[in-house]
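Have a look at the structure below, then the notes.
Protein chains: 4
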Amino acid sequence: MEARESGRSTGTEAGRGGMLERYLATRRATLALCEPLRREDYIVQPAADESPVKWHLAHTSWFFETLVLDPSQTGYTPFHEDFTHLFNSYYESVGARAARGLVSRPTVAEVLDYRAHVDEGMTQLLEQGALDGEMEFVTEVGTHHEQQHQELLLAACKQVLSQHPFRPPYVEAEGPPVSLQPTPPRWIDHAGGMVWIGHDGEAFSFDNERPQHQVYIEPFQLGSRLVTCGEYLEFIEDGGYEKPELWLYDGWETVRSQGWRAPMYWEARDGGWRVYTLGGLRQLVPAEPVCHVSYYEADAFARWRGARLPTEIEWEVAARNADADQGTLAEQGSLHPLPDVPAPAGGPRQLFGDVWEWTMSPYTPYPRYKPFAGYLEEYNGKFMCNHMVLRGGSFATSRSHIRSTYRNFFRPDVRRQFAGIRLARHL
Amino acid sequence: MEARESGRSTGTEAGRGGMLERYLATRRATLALCEPLRREDYIVQPAADESPVKWHLAHTSWFFETLVLDPSQTGYTPFHEDFTHLFNSYYESVGARAARGLVSRPTVAEVLDYRAHVDEGMTQLLEQGALDGEMEFVTEVGTHHEQQHQELLLAACKQVLSQHPFRPPYVEAEGPPVSLQPTPPRWIDHAGGMVWIGHDGEAFSFDNERPQHQVYIEPFQLGSRLVTCGEYLEFIEDGGYEKPELWLYDGWETVRSQGWRAPMYWEARDGGWRVYTLGGLRQLVPAEPVCHVSYYEADAFARWRGARLPTEIEWEVAARNADADQGTLAEQGSLHPLPDVPAPAGGPRQLFGDVWEWTMSPYTPYPRYKPFAGYLEEYNGKFMCNHMVLRGGSFATSRSHIRSTYRNFFRPDVRRQFAGIRLARHL
Amino acid sequence: MEARESGRSTGTEAGRGGMLERYLATRRATLALCEPLRREDYIVQPAADESPVKWHLAHTSWFFETLVLDPSQTGYTPFHEDFTHLFNSYYESVGARAARGLVSRPTVAEVLDYRAHVDEGMTQLLEQGALDGEMEFVTEVGTHHEQQHQELLLAACKQVLSQHPFRPPYVEAEGPPVSLQPTPPRWIDHAGGMVWIGHDGEAFSFDNERPQHQVYIEPFQLGSRLVTCGEYLEFIEDGGYEKPELWLYDGWETVRSQGWRAPMYWEARDGGWRVYTLGGLRQLVPAEPVCHVSYYEADAFARWRGARLPTEIEWEVAARNADADQGTLAEQGSLHPLPDVPAPAGGPRQLFGDVWEWTMSPYTPYPRYKPFAGYLEEYNGKFMCNHMVLRGGSFATSRSHIRSTYRNFFRPDVRRQFAGIRLARHL
Amino acid sequence: MEARESGRSTGTEAGRGGMLERYLATRRATLALCEPLRREDYIVQPAADESPVKWHLAHTSWFFETLVLDPSQTGYTPFHEDFTHLFNSYYESVGARAARGLVSRPTVAEVLDYRAHVDEGMTQLLEQGALDGEMEFVTEVGTHHEQQHQELLLAACKQVLSQHPFRPPYVEAEGPPVSLQPTPPRWIDHAGGMVWIGHDGEAFSFDNERPQHQVYIEPFQLGSRLVTCGEYLEFIEDGGYEKPELWLYDGWETVRSQGWRAPMYWEARDGGWRVYTLGGLRQLVPAEPVCHVSYYEADAFARWRGARLPTEIEWEVAARNADADQGTLAEQGSLHPLPDVPAPAGGPRQLFGDVWEWTMSPYTPYPRYKPFAGYLEEYNGKFMCNHMVLRGGSFATSRSHIRSTYRNFFRPDVRRQFAGIRLARHL
């Protein structure tokens, strides 16, 4: 089996019960994210290139129905034959994505029925152990796929609500005290040399993390924590958004054409800054990690500080032995990245969770990269041009979804996702 | 009072009770139009320059709250202060209309509460006879305003549902038999000469129908009925959409840039044509009036037939003594224009109702035109450039809303409204 | 002959010699306009919807070659077969007009050769009296066509040079003294009633001026002279460009999207205004007629003044007996409209020449309008939608080209042509 | 001196006389490229993001005037003070590049005078040995800068002439025989391992080629010659442009939105393909290297062939010891890439010249990259995002300009430059 070779778990690790549990937990987590919403919020398309909440709910179910239920059950009848077309992300016709906000039917209730129907079928198959190795692997991919969509869904909720003149909160929540002092930043040395990069072995990974391979890198230093809002504010106040010499050519064009003056969701008011968060609009907290910046902004900030962003190799080397539990991940229930906390000297902190970290690495295939087989072939490889790699996950990422080899990727002008900045430099 | 002079009813005609009845009937009619909808349908914005159903529901209530309740009640507290901003159509900021589909809150339920709240206040005022003449007049304008929005709302419903891949019907309904024979068209002569045009007297009219004034016109002929789908199909089959010489310059540019090949809502299938109607997708019925054509198409069709469109003056002269009840108006409950029925020789038929009739008259002020005063000043005059006049109402127009002097106006490329064609020519 | 009926001269009036003389004078006048240009100036396309100077030179020759030489000479061989395609304005393919600035060949020298070749052929035919009535009529149309292009060509020169950072003058010239006092404006009464409008008889006119017909109009007043820059400056200083209530809906949208703050070619500098003219950039002269305003600006200005623009009917009635020589026309050699001069009480001044006068009349066909036949059919009728009528000619219009029935037409947002404002109002 | 450290020649190598000779040869070569043009061709802007020929001529002179003459001569008076603004590529205001085709003045003659003036000043300085080390280095950069513009200029000539309906040739020239057989392709092995990459030492290089550094790479194979038109035609005929699975996501979007069906300058005619070349439109020659493909097309072709593009590291390793004279470079005077010729077994051929070779490497900084100092800082680093590296030069590249470490870069959708395809794969 092609897919087996290029990236998969054996199934022995998790076992049947493990997979069922993982499946159900993932599905429940998606619905939990929707609880604070009104029915109307599911329909609005946040941007031409982002999907409404309803679409995310349906598409993640379509994945299991089309790629697992249908091939695994003889004579399977789809829940609704039109859904196959509506909620498929493959080979979309021109403009289709931009038009997702035009589709009022099926209703949210019908989509929830669809989810329940798929869950019933999947539960039955997983309980019976009726999936072959291939199907079990696709199921595992499906749960990771859904975890990715959870993060997109939460970002969509934020964007939808933020565009409303009233700025309603997703849920009412308070931030940390404005007066909180950030921890002092340190540089942490790494020796460089020949390193192994990428994922190997039986545990699950996406195809783009494989094959494991060797890379030679120079010695470098990594920032001990994420860049804070307070530090980013200095950049703004120093005229960062008005100095073309700090920016990449495309970054400066974007700053000008979009009128950027601060990260997304920052609003100047009464001489200060307020930040729209999932907990509502509140004062800027200088100690918090800066979030919702594009690659262009991360790069310009780093240049202004006399530093640079890390490569994805450097980040992975540094994170390999890091404790993923020290950062803020979805299980903690925070709706915003949290400030770094004082800690005894040690390795870099906040590597996992809080915010995705922009690296200076364009998203390219590893040597001898081989995409997943079949339907999943287009999952990752298609995007290996004009995207930058981000690492480490955010407060919206599940602990069971992230690992040191995980490669996320956005276009360099994207700001709606939960992404921030860590600095690096050569020794 | 300024408005009184330029167009209004005395109130004596309808009286207090009459106005309350009219108010409540209008408000009920709006809600009745929404009954077939799912909650999700209210949210979708059908096009960048057209509003979602929810907005229509709220905006028509905003009109009464802001222009009647607030000035009439000392210390009136708005239902929700933000609604004043959200549902106001005046002085919108750039892009605001295009963004109405982004506003998920207030929910539909909250908007229905808003309507109920406004209705309660209005009922109380009207029952008490607490409105002065000015406010009574604004109330009357408000009911006509809402009747206009009923038609926009129904067109919005149609467009929203039509954009769905499943083409769900608004309500299931059958059309007339495909085999129905159209009545034979006749030319009806008019002598021309000096004619009085426009509205006078105490009965309600919009400002743009006034003042009544004299115009000199040449003798002309008017088509006895609306142009049918069958006749329009001949135009298509004769290559009407491929012959630039039939089209106005801007019409031809639009045909090419939009790829028009038939009226909106016509779909070529299996060598024939199907038409999406509020009753669902069904076969084209040749005897039905053609609907959802732009001015450009109406003009090109007329040229192809060796005729022209009537001027609005000619139309009004012909309609002055016509029986408005012979056409299909909203009270009949039809969701589509109906075929002309055989009748003894007589004046033109279908003048009122069925479809709005494009005239060749650009929308301009009548001599000595004076806009309504105050808030209502911008109601009509603002649009007296780049729009064409339509006359007569459609199947979606209330009987109490239409009259022979009524001037509707759309941009010449608009197809989403219920507009069709009547021919004219000089003797 | 179709064309003969719908608008033409007999030829007897001018006679053979007259037509040759008119032909040659027109052709020479076109070349004279190009004298101040450098070769490079001929190539630049001033705007996506306006043609380079080279194209105007070639297209006006194409007219005579294709519509007169070719049909009049057996076996005529075109100067260059590709020119027929390149310089034809009919049935252009999508985007063709926007791409005229991409066509470097033929060179300007080759186009001048083309002109000379056509002139030779035409001279021979006209000297020999070899043209039949139809061809003689088309020749006359061709000279008027070329006179229209002279004005477009001069406007193109102005726009090309104005877009240059150095603002080079077309020819160095001084304006009138800045201190010149404008003549006081007066209102001149007209009684209205039944009037005859349009062109009749044998003398040349375009098809859109025919047939002569009766119209009934109300009494009105017309401004005695054109609106001056000084008066328009008051409008600006009173916040005219910031008050939406003064503007048509489409006008206000254009003001906002284009960032208009003053007429085209006005530049704020050092607290005052400078105006780019064909004579170079110079100080604003308050007594000069305002020029390069759109219909939207003319309409907003008139509303601000408590007046309106005249209808084209009113203008024609007032101009019928006016002396066309009292205004500034092309023969005077001025490169800018001139201030009104003190005159004994009398009829309106500056009706002819100086600047085209926006009327409030949309451009529509006269009753029983019949386009020219054959190739010329599309000359005028195609544009009878979304355009406004202008009357009277400008300083760039030849005396032999203008008359009181002449109907020019632009889109309401056009500012590049030499158009200004005269006020009117009802008595 | 900053620049000295990050990339420069000593000057001892070439010496004074060498630099003068290089300067003059470069300047002459630029003018020689313009000889076939008519004056009108210099003015047309080939595309919104590409400059007219006139601009290239002036801008390359501006470089020497502003960066060498002015700082080297006390009290230097610029040739024309406005040129400093007009022909500066730094910090352009919004839209300025797109508007270069609007600037008719200075005339071509004036720009040629400008060039002569600058040459005179530079010759004097170089003859006198009056330049310090810094200025000598900037002069050397200026000659390389001008060599880059020569290639852009020739591509601009091609695009300008190709957009003309007549498709005039730049110079009349015949291609190789259509029947020529391509050489058979071979795979050439490379062992990989630790390799040194980048430029070191005193000889000139751009900053982006430095510093030299070590990289570890896997064993790989490189195609022995460039991909031919015949091979690319197989891809087209196999439906390459209709199969989304062959394309990157952004590539497929571009194929659809641009309607790509073949490389730029290919025209389907009479069931075959014709190719517009600088020698005119002629039949496709299957043995010629394919040219004018984007990165997206190169990538899709490689995927279709079961191969991939080389990385820039792989290319450089293979080219390090290659003979640059075996390919077609500008000195040979060919106006099109030439077919590979039979050769005894050996290393890859056509590495230098013929067409730039797309690599799969995004354009990123080398570790410890340091931009040139001062004015030159923005030369290369600004573009290190959203561009792909190309290697090896084309038939339009001067021999003295290219080397194995040279990094060219274009956006992945660019097709107007002389770029083609070489395949690679892992062993």
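Protein chains in written order, with my numbering: chain A, 1 to 427; chain B, 428 to 854; chain C, 855 to 1281; chain D, 1282 to 1708. Glycine is no exception: its CB is placed at the ideal position from the N, C-alpha and C atoms.
Residue i: contacting residues in chain C (beta-carbon distance under 9 Å)
i        : result
Gln641/B : Tyr1070, Glu1072
Met621/B : Met1048, Tyr1070
Closest Cα partner of residue i within the set the options
i         : options                                    : result
Thr1609/D : Leu1590/D, Arg1630/D, Glu1595/D, Val1598/D : Arg1630/D
Tyr450/B  : Gly569/B, Leu458/B, Pro794/B               : Gly569/B
Phe1326/C : Val1147/C, Phe1060/C, Gly1133/C            : As shown, chain C starts at 855 and ends at 1281. That puts residue 1326/C outside it, with no answer to give.
Arg1688/D : Glu1302/D, Ala1329/D, Gln1429/D, Thr1420/D : Gln1429/D
Val285/A  : Ala99/A, Val227/A, Lys370/A                : Val227/A
Gly1634/D : Pro1643/D, Leu1657/D, Asp1604/D            : Asp1604/D
Leu765/B  : Thr738/B, Arg730/B, Cys718/B               : Cys718/B
Pro716/B  : Glu739/B, Ala846/B, Cys584/B               : Ala846/B
Pro1466/D : Lys1524/D, Ala1568/D, Ala1472/D            : Ala1568/D
8 Å contact criterion, which residue i and residue j should meet: CB distance rounded
i         : j         : result
Ile421/A  : Phe301/A  : 6 Å
Ala1116/C : Trp1127/C : 7 Å
Val856/B  : Leu762/B  : Outside the displayed span of chain B (428 to 854) sits residue 856/B, for which this structure offers no information.
Thr1187/C : Pro1023/C : It is worth fixing the name first, because residue 1187/C is Gly in this sequence and not Thr. At roughly 15 Å, the Cβ-Cβ gap does not stay under 8 Å, so Gly1187/C and Pro1023/C are not in contact.
Residue environment, residue i, which counts as buried when at least 16 other CB atoms sit within 10 Å
i         : result
Gln1502/D : buried
Asp340/A  : buried
Lys481/B  : buried
Val605/B  : exposed
Val414/A  : buried
Leu427/A  : exposed
His1480/D : buried
Asp895/C  : buried
His1426/D : buried
Met122/A  : buried
Glu1512/D : buried
Met621/B  : exposed
Neighbouring residues, chain A, relative to residue i (Cβ below 7 Å)
i         : result
Pro1591/D : Here the premise fails: no neighbours, minimum Cβ distance about 12 Å.
Cross-chain neighbours of residue i in chain A, by beta carbon under 8 Å
i        : result
Gln590/B : Ala99, Leu102, Val103
Residues bridged to residue i [DSSP beta-bridge criterion]
i         : result
Pro646/B  : In the DSSP output, where bridge partners are listed per residue, Pro646/B has none listed.
Tyr1130/C : Leu1135/C
Ile1469/D : Leu1503/D
Residue i: contacting residues in chain D (beta-carbon distance under 7 Å)
i        : result
Asp936/C : Pro1446, Phe1447
Lys382/A : Leu1529, Tyr1530
beta-carbon residue i near the ligand FMN non-hydrogen atom, thresh 7 Å
i        : result
Arg818/B : No copy of the ligand FMN occurs in the structure displayed, which carries no ligand at all.
Within chain C, the residues that residue i reaches when beta carbons sit closer than 8 Å
i        : result
Thr791/B : Met1214, Ser1215, Pro1216
Under 8 Å by beta carbon: chain D residues contacting residue i
i        : result
Arg368/A : Glu1499, His1707
Contacts that residue i makes with chain B (C-beta to C-beta distance below 7 Å)
i         : result
Cys1239/C : Leu675, Asp677, Pro839
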